[in-house]
Amino acid sequence: LLLLTSFFVYFMVYFLLGFLMITFLFLSLIIFTSYYFSLFVSIIFYYIFHYPLFHFLSYLLLIISFVSHYFFSFPLLLFV
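Going by UniProt numbering, the first residue of the sequence shown is number 1, and it counts up by one from there.
In structure tokens:
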């Protein structure tokens with residue numbers, strides 16, 4: 001019985017770790033694509049619309065995308 005419960009606990013811990021890893025992987029995929037998408041949008045904002053407001057928006061979008069990208073990919077690096 002003790003062997004069975006220890007195996008069950010071991011399995012649950014590994015299942016939880018695997019679930020966390022997959023969740024982090026999907027999160028990083030979403031963040032990675034959104035990061036490049038926001039980069040693309042900010043470049044469009046900057047080059048097509050030559051207004052100070054759009055320049056400000058593009059800079060803001062760039063800063064937000066960089067911060068979110070590195071903030072969310074840092075915990076991923078701890079797992080790898």
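Backbone N, C-alpha and C define an ideal beta-carbon position, used for all residues, glycine too.
Between the options, which lies nearest to residue i when the distance is taken from Cα to Cα?
i   : options          : result
V41 : G18, M21 and S65 : S65
From residue i to residue j, what distance separates their C-alpha atoms?
i   : j   : result
T23 : L3  : 30 Å
Y14 : Y36 : 33 Å
F19 : I63 : 31 Å
Quick one: what does DSSP say residue i is sitting in, helix, strand or coil?
i   : result
V80 : Low local confidence applies: a pLDDT of 44 at V80 is under 50, so the model's placement there is unreliable, with the coordinate-based value given in what follows. Reduced to three states, the DSSP call for V80 is coil.
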